[in-house]
Amino acid sequence: MAATAAINIGGRSISTTEGGAKVGTTGPVETDSVVSVGGKGGAYANPLTLTPAASGSAATVVATGKLALGSDGVGGLEVQSAGLLGSFPRIIPALGVNAGLGLSSLGGFSVHLQAGGIDQMRVNYVAGADRYWTVAGSAGGSPILGVSGGNAAIAATWMPAADNAYSLGTATFRYDTVYSATGAINTCDMREKTDIVDCPLGLDFVLALRPKEYRWIVGGQDVERVEDGHMEAVIPAVVAEDGTVLAPERIVREPQYRYVVTPREGRRKHLGLLAQDVRAALPPGTDYAMWTQDDPSNPDSRQGLRPDQLIAPLIRAVQELTVRVQELEAKAA
């Protein structure tokens, strides 16, 4: 049997056996433990406290290869050392989802979330280069969302979290151009409408409209990323467990950027209507959604139109003209 020695300091026992020591609890040291820390006669808030040798320094736990916290079952946590610059230290909960964080270079970092050792989400930053963010669609599958170099790519159906609850863009932040292989589909089901009557706007309304030719004062905006000073950061040295310096401490001077938005004058000519003219042509006291205002509470806010809602009055106008033509033809006959 292994020899045992024990002392008591401040009500905490320290016992040793061959190959191990136990602090603050009784019983033999587990066969796979060198030092066991616990509480005798009840739970203690801080059974193990590490105090740095000097103010401002860090208390360090050094482990060869990896450091495990908890158990191998649910709730366990494992921290693995990166070993070399460019590889990634990983934090691995017992449930099997890996999270990695490390230096991809002396001026960048990378964050990985993995399942089964395969990236499911990755954020990468490298000084002076494009940043990117990817999200996988399934275990080991191709990314369904990727953001890099100012572009975003989606390999899935993009939809709102709730039906008919959110807008694409806002009155303040509008899209410049929308490209589509086919037109937008608007819900037009009779079962989702109420207060249905024949369109009261027809030929008289259409004749009151004033089609125009025009150019935009601001045809778009150019967004440019420009250098705006620098930031210096100290990259600590990378030292192996045997004391070998794998990479010396370095000071990285990284440029900082800001975005400059420059309005661009409209060049091409457009054909269309003016919202103010359409509003004036509408019967007084009506509130038709073909005419819009960014802020209904502010009469000076920007006005807009829903061109698709002009179709019904145009059809009604054609029908009225057709009746007139038929009456004239009948008289001529």
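In my numbering, the protein residues as written are 841 to 1173.
Cβ atoms here follow ideal geometry from the backbone N, Cα and C, with glycine treated the same way.
All figures in this text were calculated on a predicted structure; none of them were measured in a lab.
Open item on the list: Quick check on the burial criterion: 16 or more other C-beta atoms within 10 angstroms. Buried or exposed for Arg1156?
Closed with: buried
Open item on the list: Could you tell me the alpha carbon to alpha carbon distance between Val818 and Arg1093, rounded to whole angstroms?
Closed with: Residue 818 lies beyond the stretch modelled for the chain, which goes from 841 to 1173, so this question has no answer here.
- [ ] Return the CA-CA distance between Lys1171 and Gly1125, expressed in angstroms with no decimal places.
- [x] 39 angstroms
TODO: Pull up the distance between the alpha-carbon of Ala993 and that of Met961, whole angstroms please.
DONE: Note on geometry: alpha-carbon atoms of Ala993 and Met961 lie some 15 angstroms from one another.
Task: Cβ-based burial, Asp1044 [other Cβ within 10 Å; buried from 16] - done: exposed
Open item on the list: Let's see if you can read the secondary structure: which residues bound the alpha helix (DSSP H) around Ala1024?
Closed with: Here Ala1024 belongs to no alpha helix (DSSP H), and DSSP marks it neither H nor E.
Open item on the list: I'd like to know whether the C-beta atoms of Pro986 and Trp973 end up nearer to each other than 9 angstroms.
Closed with: According to the sequence shown, residue 986 is Gly rather than Pro. Yes, these two residues count as a Cβ contact at 9 angstroms.
- [ ] Specify the secondary structure class of Ala1170 as computed by DSSP and reduced to three states.
- [x] helix
Open item on the list: I'd like the list of long-range same chain contacts for Lys1174, defined as Cβ closer than 8 angstroms, with 5 residues on each side in sequence excluded.
Closed with: This structure cannot speak to residue 1174, because the chain is shown only from 841 to 1173.
TODO: Measure the alpha-carbon distance for Glu1064 versus Ala1048 and round it to whole angstroms.
DONE: 44 angstroms
Task: Which residues DSSP lists as bridging Arg1014, in chain order - done: DSSP lists no partner for Arg1014.
TODO: Indicate the three-state DSSP secondary structure (helix, strand or coil) for Glu1067 in the structure shown.
DONE: strand
Open item on the list: If I follow the unbroken alpha helix (DSSP H) through Ala1115, where does it start and stop?
Closed with: Ala1115 to Ala1121
Task: Assumed close pair Arg1142, Asp1134 - CB separation to whole angstroms, cut-off 8 angstroms - done: 5 angstroms
Task: Other residues of its chain near Pro1088: CB distance less than 6 angstroms, five sequence neighbours each side excluded - done: Within its own chain, the residues whose Cβ lies closer than 6 angstroms to the Cβ of Pro1088, once the five positions on either side in sequence are excluded, are Ala1077, listed in chain order.
Open item on the list: Rounded to the nearest angstrom, what separates Glu1160 and Val1100 at their Cα positions?
Closed with: 53 angstroms
Open item on the list: Measuring straight from C-alpha to C-alpha, what distance separates Gly1144 and Val1118?
Closed with: 10 angstroms
Open item on the list: Determine whether the beta carbon atoms of Leu1149 and Ala1121 lie at a separation below 9 angstroms.
Closed with: Note on residue identity: the sequence assigns Gln, not Leu, to residue 1149. It is not a contact, given that the beta carbons lie outside the stated cut-off.
- [ ] Could you tell me which residues DSSP puts in a beta bridge with Ile1075?
- [x] Arg1090
TODO: Go through the stretch 1101 to 1165 residue by residue and report every complete run of the alpha helix (DSSP H) that reaches 4 residues or more, in order.
DONE: 1115 to 1121
Open item on the list: Pull the bridge partners of Val1085 from the DSSP assignment, please.
Closed with: Val1079
Open item on the list: Let's see if you can read the secondary structure: which residues bound the alpha helix (DSSP H) around Leu987?
Closed with: A small fix is needed here, since residue 987 is Val in this sequence, not Leu. Segment Pro983 to Ser988 is the beta strand (DSSP E) holding Val987; no alpha helix (DSSP H) there.
TODO: Check Leu924 in the structure and name its three-state DSSP category.
DONE: Its pLDDT being 47, under 50, Leu924 is placed unreliably in this model, and the coordinates cannot settle the point.
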